[in-house]
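Chemist: Dropping a structure here in structure tokens format, bear with me for questions.
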Amino acid sequence: MNAVDLHAVTKSYGRTRALDGVDLAFDRGVTGLLGPNGAGKTTLLRIVATSIAADSGTVRLLGLDPHGSNESPTSPGDVTSIRRELGYLPQELGYPSDMTAFGFVEYVAVLKEWNDRNRRIREVRRVLELVGLTDLATRKIAKLSGGQKRRVGLAQSLLGDPRILVLDEPTTGLDPVQRADLRRTLSVAGGHSAVLLSTHQTEDVAALCERVVVLVDGRARFDGVVTELVATAEGQVWLADDPGPDSVVSWRTGSGRHHVVGGPPPPGAIPAEPTLEDAYLLLLGADARRARAAPTQLS
Amino acid sequence: MSGRTREFDRAAGIGRRFRGAGTFSVLRCDNVFMAAERRPSSGTTSTGTTSNGDDLDLVARVIDADTRALKELYDRHAGWLHARLMRRCNDSEVVADVLQDTFVALWKDATKFRGDGDVAGWLWGIAFRRLVSRLRSRKDVVLMPEWDGPTLGNVPAAEDEVLLGVEYGDLAGALRRLSPEFRSVVQAVVLDGLTPKEAGRLLGVRENTVKTRLHRAKAQLRGALSETALEQKWR
Amino acid sequence: MSMQTWHADRDLLAAYVDGGLGPVEGASVEQHLNRCSQCRRAMGPLVDAPALDRVWAGVLEAVESPPLPLPARLARRLGVAEPTTILLAATASLRTAWVVSAFVALSFAAAAAALSGGAALAPFLLVAPLVPVLGVASAYGPREDPLESLVVTAPYGRTRLILVRSLGVLVSVLPFAVCLGLVLHGPVWLAVAWLGPALALVPILMALSCFVGPRAGATAVAIAWSGVVLLSLRGVPATWPVEATQQAAYAALAVISLGVLLVRTRQDRRIGAVL
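Right, here's the structure in full:
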């Protein structure tokens, strides 16, 4: 039984279709959700985090249905049971202005039913240590930098080593060193949790995720192992002096030559090793150009 | 004052003979009174300034909510504070509570600390005042060292004994010859750093009484010193 | 002064710690410690390490998780569970400022009513039921609650949190208002009669909030109640708003509201939050 099992999930906001029949199933390990803005990533994460309900389709988290239906109304216990094993880092998280980092995480710990004071304090210290904020624990959150605030948010999501960990853009605002630390933390978490993280950065997916789902316009365009996705770009990436007009996407590298993805090979081109980014761009192809041109949809 | 300074130098010479080191410049009458009057003390010995500087850096970090700095300050100061408190009050639970309150107060009030003062002295001030206020209602706990009892066992090393004998032999006697009221005033104000007002509250007398007694104790001690052969020894 | 300084050797410090030094020697050591960080540090290992560790653990805990403000501590004293007090302490409508302004508003209203002679109870009857209603509205949290998404997805539950906060608000405000009610002229039952509308308006507010949100709901309730009280200035006795018939009407509306809330718990495709 997978920890997370979604089938044919749809969700609309007014006339906008944010999710259009998405299947998603994963268990322990780190799964990446990749996609352009407006693809529906945040909506999907919110459904997995039980923050909103799907309009249709089946959702099973840890084998339980968080929604309930007319035929089988969910007991309040089901959703609560799921939430006891859930950690969530929303895309935008605000903090009460005068709380300290420790106080904030402790508050969330109380919401997560850590009722015994000693155990709670030890757990708060543990997660703050995991994200490297032990020395800043007693500082007011208002005085922390953006990346540090994000780490406070990450810390609260790690409380209790939840079986399902949902992280919406956890790497924004982090510098390369902090991202490396995050990768370490998440790879450890992936050992016992089902981690779902969304990101724009293909390097994060490449470094951190075993599986990746590419979401475009509310549909899953790819769902599989990262190496498989990279393999789809095999033989379609070159280095050339002149890109030519037929490539899917190309750019000038620092060395002066052009990195060309897709389309027929330009004259004098040397094949290059494909990266995840190449595969992603190839997959988006025309979709990406359209998505970038269109106004940002509700995600 | 310059005459007194020459005494220091002579004593330094004597000290060196015994240990190859400098003076045990502690309970020398003038030293003590001068130190008290110079409050807040500025820690002017060579080791004093550098480490007080470090302490000040730590306090600055504590103001910035750095718990590691607080731990470092704790490691430096909790030990001697504990021992010194225990010499005033033999209830270890009370001492532990006071010690905890002191460092929590340090955390909360670090901004109140004037940036150029003496951290060790400030901490003792907080700790001792807390101890005093806590024990004010309890009359059974010892707050002052036993001036009248015999010197207990645990004899210090031979060299120290000689040194102490040279340094204090007669000063100790002079202190013991002070009446108890004068002694307690000297202990509270000069040695423990209370203000005359606080000492008055602790001892149950008026502030003016404390000041008068202090003044007369000073005069007595100076008088006692000149009577002894100390100065002859140090020629 | 010599640049080389004397330091106390280990035995001397140990004697000091063990209490084996006489008063003069002890005082000497203390004066030396005032100035010598090296000897201070040297004394550290000689002092009871487990005791010092215990004290440090206490210091760290007090610094990381400071004691809650007074109202929360009072609540704890009265038997409220510790986790609940933590949640309440973070509630805006239980902050000192809010409670104080509630008290002030009620006091003014009572004073106005008392001073104007027995006839005009309107100020008090207007304000007293609205104070708890506004308090409960603010128990929903700020408009853009920074923690909203975390509260919704936590096992504790948003509904439970709102109810606990509302209870906290009511408990903190109602007794004071009852006492003020006793100051008023008029029949004694007046002092508690206004509780009828107060306790009825709360579920009405909650039911409205399900559809239009707490702010709009509170505004609607406030306007409606003001209308009722102002009517009492037009030729009916001052106690009209809280007389028996009217109380029955409020109670009926409250029951309907509770029904609405109950229906919402049964609605399908809802994630958790009833309120």
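Chains as they are written, first to last, in the numbering used here: chain Z, 88 to 386; chain R, 18 to 252; chain W, 1478 to 1752.
Positions of the beta carbon are idealized from the N, C-alpha and C atoms, including for glycine.
With a threshold of 16 other CB atoms inside 10 Å of the CB of Arg250 of chain Z, please say whether the residue is buried or exposed.
Modeler: Its Cβ being crowded by 16 or more others within 10 Å, Arg250 of chain Z is buried.
Chemist: Have a look at the DSSP bridge pairing and note the partners of Ile357 of chain Z.
Modeler: In the DSSP output, where bridge partners are listed per residue, Ile357 of chain Z has Z:Leu326.
Chemist: Strictly below 9 angstroms CB to CB, what residues from chain R border Arg250 of chain Z?
Modeler: What Arg250 of chain Z touches in chain R: nothing, since even the nearest Cβ is about 32 angstroms away.
Chemist: May I have the straight-line CA-CA distance separating Asp152 of chain Z from Val109 of chain Z, to the nearest angstrom?
Modeler: Rounded to the nearest angstrom, the two C-alpha atoms are 17 angstroms apart.
Chemist: Does the beta-carbon of Asp118 of chain R have 16 or more other beta-carbons within 10 angstroms, so that it is buried, or is it exposed?
Modeler: So Asp118 of chain R ends up on the buried side.
Chemist: Tell me, please, whether the CB atom of Thr229 of chain R is closer than 9 angstroms to any CB atom in chain Z?
Modeler: Judged by the 9 angstroms Cβ criterion, Thr229 of chain R is not in contact with chain Z.
Chemist: Against chain Z, does Arg6 of chain R count as a neighbour if the rule is that its beta carbon must be under 9 angstroms from one of theirs?
Modeler: Nothing can be reported for residue 6 of chain R, as the shown portion of chain R is limited to 18 through 252.
Chemist: Any C-beta of chain Z sitting closer than 9 angstroms to the C-beta of Ala1448 of chain W?
Modeler: Nothing about residue 1448 of chain W can be reported from this structure: the residues present for chain W run from 1478 to 1752 only.
Chemist: Is Asp81 of chain R close to chain Z, meaning its C-beta is less than 9 angstroms from at least one C-beta of that chain?
Modeler: It does: the Cβ of Asp81 of chain R has a partner Cβ on chain Z nearer than 9 angstroms.
Chemist: Extract the residue ranges of the beta strand (DSSP E) inside the region 1673-1710 of chain W, only unbroken runs of 3 or more that lie entirely within it.
Modeler: Complete beta strand (DSSP E) runs here, min 3: none at all.
Chemist: Indicate the three-state DSSP secondary structure (helix, strand or coil) for Ala1728 of chain W in the structure shown.
Modeler: Three-state DSSP puts Ala1728 of chain W in a helix.
Chemist: Could you round the C-beta distance between Leu1657 of chain W and Leu1583 of chain W to whole angstroms and report it? I think they count as a contact, below 8 angstroms.
Modeler: Indeed they touch by this definition, with Cβ atoms about 6 angstroms apart.
Chemist: Starting from Ile143 of chain R, trace the alpha helix (DSSP H) both ways and give me its first and last residue.
Modeler: Unbroken alpha helix (DSSP H) run through Ile143 of chain R: Val136 to Leu152.
Chemist: Is the region 302-311 of chain Z touching the region 322-335 of chain Z, taking contact as three or more C-beta pairs under 8 angstroms?
Modeler: Cβ pair count under 8 angstroms is below three, so no.
Chemist: For Glu1720 of chain W and Ala1670 of chain W, what's the separation of their Cα atoms in angstroms?
Modeler: Looking at the two C-alpha atoms, the distance is approximately 8 angstroms.
Chemist: By the criterion of Cβ-Cβ separation under 8 angstroms, what are the contact partners of Ser1709 of chain W in chain Z?
Modeler: Simply none; closest approach about 41 angstroms.
Chemist: Which bits of chain Z does Val1540 of chain W rub up against, with CB to CB less than 8 angstroms?
Modeler: Result: Thr225.
Chemist: Output the boundary residues of the beta strand (DSSP E) element that contains Arg306 of chain Z.
Modeler: Counting along the chain, the beta strand (DSSP E) containing Arg306 of chain Z begins and ends at Arg306 to Val312.
Chemist: Beta-carbon within less than 6 angstroms of Ala136 of chain Z's beta-carbon, same chain only, minus the 5 sequence neighbours each way: which residues are those?
Modeler: Closer than 6 angstroms at Cβ, skipping near neighbours: Tyr175 and Val253.
Chemist: Run the CB neighbour count on Gly70 of chain R, radius 10 Å, all protein chains shown included, and call it buried at 16 or more, exposed below.
Modeler: Looking at its Cβ environment, which holds fewer than 16 other Cβ atoms inside 10 Å, Gly70 of chain R is exposed.
Chemist: Which bits of chain Z does Thr84 of chain R rub up against, with CB to CB less than 8 angstroms?
Modeler: Result: Thr221, Asp222, Ala224 and Thr225.
Chemist: For chain R, find out if any of its Cβ atoms is closer than 9 angstroms to the Cβ of Pro1522 of chain W; answer yes or no.
Modeler: Interface residue, yes.
Chemist: Any beta carbon of chain R sitting closer than 9 angstroms to that of Lys236 of chain Z?
Modeler: For Lys236 of chain Z, the answer is no, since every Cβ of chain R falls outside 9 angstroms of its Cβ.
Chemist: Whose C-beta lies closer than 6 angstroms to the C-beta of Asp165 of chain R among residues of the same chain, with five residues either side of it excluded?
Modeler: Unreliable positioning characterises Asp165 of chain R in this predicted model, as indicated by a pLDDT of 45, which lies under 50. A coordinate reading is not provided.
Chemist: Which partner residues of Val96 of chain Z appear in the DSSP bridge assignment?
Modeler: In DSSP, Val96 of chain Z forms a bridge with Z:Val109.
Chemist: Determine whether the Cβ of Ile1681 of chain W lies closer than 9 angstroms to any Cβ atom of chain Z.
Modeler: No, Ile1681 of chain W lies away from the interface with chain Z (no Cβ there is under 9 angstroms from its Cβ).
Chemist: So is Asp1530 of chain W in contact with chain Z if we call contact Cβ pairs under 9 angstroms?
Modeler: With 9 angstroms as the cut-off, Asp1530 of chain W does not count as an interface residue toward chain Z.
Chemist: Select from the region 1629-1644 of chain W all residues with a C-beta closer than 8 angstroms to any C-beta belonging to chain Z, and list them in chain order.
Modeler: Those residues of the region 1629-1644 of chain W that come within reach of chain Z (Cβ to Cβ, closer than 8 angstroms) are Val1629, Thr1630, Ala1631, Pro1632, Tyr1633, Gly1634 and Leu1638.
Chemist: Buried or exposed for Gly1645 of chain W, please, with buried defined as at least 16 other CB atoms from any protein chain shown within 10 angstroms of its CB.
Modeler: It is buried - the Cβ of Gly1645 of chain W has at least 16 other Cβ atoms within 10 Å.
Chemist: On the premise that Val1524 of chain W lies in contact with Val1494 of chain W, defined as a C-beta separation below 8 angstroms, what is that separation, rounded to the nearest angstrom?
Modeler: Their Cβ separation, rounded to whole angstroms, is 6 angstroms, which keeps Val1494 of chain W and Val1524 of chain W in contact under 8 angstroms.
Chemist: Which residues in the same chain as Glu163 of chain R place their Cβ atom closer than 8 angstroms to its Cβ, once the five residues preceding and following it in sequence are excluded?
Modeler: With a pLDDT of only 49 at Glu163 of chain R, under the threshold of 50, the placement of this residue in the model should not be trusted; the figure read from the coordinates follows. Answer for Glu163 of chain R: no residue qualifies.
Chemist: How would you label Ala95 of chain Z, buried or exposed, when you count the other beta carbons within 10 angstroms and need 16 or more for buried?
Modeler: That one is exposed.
Chemist: According to DSSP, which residues form a beta bridge with Asp268 of chain Z?
Modeler: Bridge partners of Asp268 of chain Z: none, in fact.
Chemist: Listed from N- to C-terminal order along the chain, which residues in the region 117-128 of chain R have their beta-carbon within a distance smaller than 8 angstroms of any beta-carbon of chain W?
Modeler: The residues in question are Gln117, Phe120, Val121 and Trp124.
Chemist: Quick check: what's the CA-CA separation for Gln323 of chain Z versus Glu364 of chain Z?
Modeler: Taking the straight line joining both Cα atoms gives about 12 angstroms.
Chemist: Among Z:Ala141, Z:Gly119, Z:Pro177 and Z:Glu321, which residue has its Cα nearest to the Cα of Ser99 of chain Z?
Modeler: Ser99 of chain Z has its Cα closest to that of Z:Ala141, out of Z:Ala141, Z:Gly119, Z:Pro177 and Z:Glu321.
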